[in-house]
Amino acid sequence: MYKYITRRVLQFIPMLFLVTVVVYGLAQAAPGDPMSGEILDPDIPAEVLEERREALGLNDPIPVQYWNWLSSVAVGDFGQSMHYTGRSVSELVTSRIMNTLYLSLFALAVTILVAIPIGIYSSKKPYSLLDYSATTFAFLGLATPNFFAALIAIYFFSFQLGWFPSQGTVSSVGLTGFEYFIDKLRHLILPGFTLGLASTAIYMRYLRTEMLEVMGSDFIRTARAKGLGPGSVLYKHTLRNALIPIITLLGFEFGTLLSGAVITEAVFNYPGLGTLFLNSIQNRDYPVIMAINLILAVTILVGNLLADIFYAIVDPRIRYD
Amino acid sequence: MGIRKTEDVKSSQPEKSKSPLQLAMRRFLRNRLAVAGIVIIIIMVSIAVFAPLLAQHDPRQSDLINVMQKPSGENWLGTDSSGRDNFSRLVYGSQVSLLIGFFAMLFTLAIGVVLGSLSGFYGGKVDSLIMRAADLMLIFPFLLLVLTVMAILDRVTIGIFITIIALTTWPNITRILRGTFLSLREKEYIIGARSIGCSDLRIIVKHFLPNAIGPIIVNATIMMATLIIIESGLSFIGFGIPQPTPTWGNMVTEARSLRVLTQHPEAWVPPGLAILLTVLAINFIGDGLRDAFDTKSNM
Chain A
231 MYKYITRRVL
241 QFIPMLFLVT
251 VVVYGLAQAA
261 PGDPMSGEIL
271 DPDIPAEVLE
281 ERREALGLND
291 PIPVQYWNWL
301 SSVAVGDFGQ
311 SMHYTGRSVS
321 ELVTSRIMNT
331 LYLSLFALAV
341 TILVAIPIGI
351 YSSKKPYSLL
361 DYSATTFAFL
371 GLATPNFFAA
381 LIAIYFFSFQ
391 LGWFPSQGTV
401 SSVGLTGFEY
411 FIDKLRHLIL
421 PGFTLGLAST
431 AIYMRYLRTE
441 MLEVMGSDFI
451 RTARAKGLGP
461 GSVLYKHTLR
471 NALIPIITLL
481 GFEFGTLLSG
491 AVITEAVFNY
501 PGLGTLFLNS
511 IQNRDYPVIM
521 AINLILAVTI
531 LVGNLLADIF
541 YAIVDPRIRY
551 D
Chain B
466 MGIRKTEDVK
476 SSQPEKSKSP
486 LQLAMRRFLR
496 NRLAVAGIVI
506 IIIMVSIAVF
516 APLLAQHDPR
526 QSDLINVMQK
536 PSGENWLGTD
546 SSGRDNFSRL
556 VYGSQVSLLI
566 GFFAMLFTLA
576 IGVVLGSLSG
586 FYGGKVDSLI
596 MRAADLMLIF
606 PFLLLVLTVM
616 AILDRVTIGI
626 FITIIALTTW
636 PNITRILRGT
646 FLSLREKEYI
656 IGARSIGCSD
666 LRIIVKHFLP
676 NAIGPIIVNA
686 TIMMATLIII
696 ESGLSFIGFG
706 IPQPTPTWGN
716 MVTEARSLRV
726 LTQHPEAWVP
736 PGLAILLTVL
746 AINFIGDGLR
756 DAFDTKSNM
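Chains as they are written, first to last, in the numbering used here: chain A, 231 to 551; chain B, 466 to 764.
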């Protein structure tokens, strides 16, 4: 197992390198360069512009530029935003990253807390009323684009019923302590549930299939034959085995959630990385675009690595050599 | 697409029993949800084809005097913020959504089949190169990658849009095909085909691909549903097909104004439901196909 983990970690390093190359390549492919906004300004004389290009290192060969970029990125310096003058990219990103993290974790929690109990129940009583309802819900959840689900949620829960706020993360600035926490939570509910909708639908079905599969295996028959109670068979033997692939998949799911957060955040005007990303795309703020791409790609890469390692640890049946 | 392949499968069956594809078809038609899905899709396609007959207005024609009108005999679903007729846009929107979904799926499938075949057939260096590339693509959050490429390009036309989608979605189908090919590589009949001097291309097309047809069709169907959702999402946030071309996604965009969201549900709910219904129907078909091709449920 340790050999496997070591090998898996070693595979991680070239991938990390390739990710940085792709991100850098994308930025290089962008039209113009970070100075393009100023090239349009006729007041700046060409010599001054050239001087500034030289000073910024934009005339260096590409590999040198790449290396300079990489070494500053490694210490968390993503350069200056081209749109918000005077603000560094890392400042912009850190001001948003926690919000996106809260949102994704909330959606992940919704997925786990809804999908697992319903999945268990569906497999315990297949073809029951609840199982059919869950199936219907899963089909609908998968077919509803998350922006449409978000708008419907806002229409009913925010506009008609007035239960939850539909915009932003806080309603007033003065809140402290517990009140602040509750306020934040209330703002998370609609976007969190919308974001978690599709993955909840997927995992509910997935767990049901997985449970039914495990229930048909020999060791469950053995467990029953030796007189274990139904609860023990269900939770200790079936569920534990059925959860292994699901927990691993949830590791990958985090990346999907981060991606889906872009649209969800846009609908709820939620100040996270997604809205920052969309603004940067609109403003062609390439340093910010690069930074967010890189941060999320590395997050997903690490998530996949952890999921694989976790899989190797919890499932001793799998031998890697 | 499926019809031409039927002959391939049939010819590999010596006696006159039902071909696997015919068996699958029979199982598929017994699945009520899948048949309902087919019916819905046929209706959607008819709406798209006969759009000029169904819509009484030009979906691109703005009329700044009559913006955000309530439904009336003239404008069945009212008008949008530029005074365009919502009903006509809804009808024409089906064209864009279905065409993009379909062609993006075909293009992705083409890339996936070629790369997956190369990877699974030749193995070795070709395989590890393609698989590393696939891993790399899968690491980048899909939506962010698409948006980044779009920000780099200046203008997004339907053709470019489909190309970007295809170039970023191929890894899934490639992996599936590769897996199927790898499991077939050491089969006796492949060795047999090789020993009588079949060319690589012939072996791939005649002996490998027909065996992978089930997973290919199932995944292509599900992929089309996903692509329709992605297209609508991108159009919704304003990075898909630009106005005034109507798509269901950019019609829902109107609801980002609080006034439309709360007072004019007739403007944004129908296109949203249209996406939902189409994707639901395609998923029903996909599920039906999966069960139909699943050899475990042989009749």
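C-beta: ideal position from N, C-alpha, C; glycine also.
Under a Cβ-count criterion, where at least 16 other Cβ atoms within 10 Å of its own Cβ denotes burial, should residue i be classed as buried or exposed?
i, result
"residue 420(A)", "buried"
"residue 269(A)", "Unreliable placement is indicated for residue 269(A), whose pLDDT of 43 sits below 50; the coordinate value is still reported in the next sentence. That one is exposed."
"residue 392(A)", "exposed"
"residue 550(B)", "buried"
"residue 240(A)", "exposed"
"residue 266(A)", "Summary for residue 266(A): the model assigns pLDDT 42, below 50, so the residue's position carries little reliability, and this model does not support an answer."
"residue 298(A)", "exposed"
"residue 231(A)", "exposed"
"residue 758(B)", "buried"
"residue 499(A)", "exposed"
Which chain A residues sit within Cβ distance under 7 Å of residue i?
i, result
"residue 607(B)", "489"
"residue 637(B)", "Within chain A, no residue comes near residue 637(B); the closest Cβ sits about 13 Å away, beyond 7 Å."
"residue 697(B)", "375"
"residue 580(B)", "Chain A residues near residue 580(B): none, gap ~17 Å exceeds 7 Å."
"residue 631(B)", "Those within 7 Å of residue 631(B) in chain A number zero; the least Cβ separation is about 17 Å."
Considering residue i, what are the terminal residues of the alpha helix (DSSP H) in which it resides?
i, result
"residue 306(A)", "It is not in any alpha helix (DSSP H) - residue 306(A) carries neither H nor E in the DSSP assignment."
"residue 713(B)", "713 to 717"
"residue 345(A)", "319 to 354"
"residue 566(B)", "551 to 587"
"residue 496(A)", "470 to 498"
"residue 435(A)", "407 to 445"
"residue 363(A)", "359 to 373"
"residue 641(B)", "636 to 649"
"residue 756(B)", "730 to 758"
"residue 520(A)", "516 to 544"
"residue 232(A)", "232 to 259"
"residue 689(B)", "674 to 701"
What residues in its chain sit with their C-beta under 7 Å from that of residue i, if we drop five residues either side in the sequence?
i, result
"residue 623(B)", "565 and 706"
"residue 749(B)", "498, 499, 501 and 502"
"residue 557(B)", "516, 520, 524 and 711"
"residue 615(B)", "621, 629 and 704"
"residue 511(A)", "519"
"residue 505(B)", "742 and 746"
Which residues in the same chain as residue i place their Cβ atom closer than 6 Å to its Cβ, once the five residues preceding and following it in sequence are excluded?
i, result
"residue 538(A)", "238"
"residue 309(A)", "319 and 517"
"residue 377(A)", "493 and 497"
"residue 555(B)", "735 and 736"
"residue 639(B)", "577, 580, 581 and 599"
"residue 427(A)", "371 and 379"
Report the neighbours of residue i on chain A: residues whose CB is nearer than 8 Å to its CB, in chain order.
i, result
"residue 835(B)", "Residue 835(B) falls outside the range modelled here, since chain B spans only 466 to 764, and no answer is possible."
"residue 720(B)", "381"
"residue 617(B)", "256, 259, 260 and 261"
Just to confirm before moving on: does the CB-CB distance between residue i and residue j stay below 8 Å?
i, j, result
"residue 503(A)", "residue 326(A)", "yes"
"residue 344(A)", "residue 518(A)", "no"
"residue 433(A)", "residue 365(A)", "no"
"residue 581(B)", "residue 641(B)", "yes"
"residue 633(B)", "residue 607(B)", "yes"
"residue 455(A)", "residue 744(B)", "no"
"residue 492(A)", "residue 508(A)", "yes"
"residue 477(A)", "residue 386(A)", "no"
"residue 509(B)", "residue 688(B)", "no"
"residue 544(A)", "residue 249(A)", "no"
"residue 521(A)", "residue 251(A)", "no"
"residue 751(B)", "residue 677(B)", "no"
Since residue i meets chain A, which of its residues come closer than 9 Å, beta carbon to beta carbon?
i, result
"residue 506(B)", "The contacting residues do not exist; residue 506(B) stays about 13 Å from chain A at best."
"residue 717(B)", "375, 377, 378 and 381"
"residue 730(B)", "385"
"residue 701(B)", "375, 377, 378, 493, 496 and 497"
"residue 612(B)", "492, 507, 508, 511 and 519"
Check the Cβ of residue i against every Cβ in chain B and list those closer than 9 Å, keeping chain order.
i, result
"residue 373(A)", "690, 694, 740, 741, 742, 743, 744, 745, 746, 747 and 748"
"residue 249(A)", "601, 604 and 605"
"residue 369(A)", "498, 745, 748, 749 and 752"
"residue 329(A)", "Per Cβ cutoff of 9 Å: no residues; residue 329(A) is ~17 Å from chain B at best."
"residue 237(A)", "Result: empty, since nearest Cβ-Cβ is about 14 Å, beyond 9 Å."
Going along chain B, which residues have a C-beta under 8 Å from residue i?
i, result
"residue 438(A)", "Here the premise fails: no neighbours, minimum Cβ distance about 14 Å."
"residue 527(A)", "604, 605 and 606"
"residue 384(A)", "726"
Within its chain, find whatever has a CB closer than 8 Å to the CB of residue i; leave out the 5 residues flanking it on each side and keep chain order.
i, result
"residue 533(A)", "481, 482, 484 and 485"
"residue 719(B)", "545, 546, 725, 729, 732 and 733"
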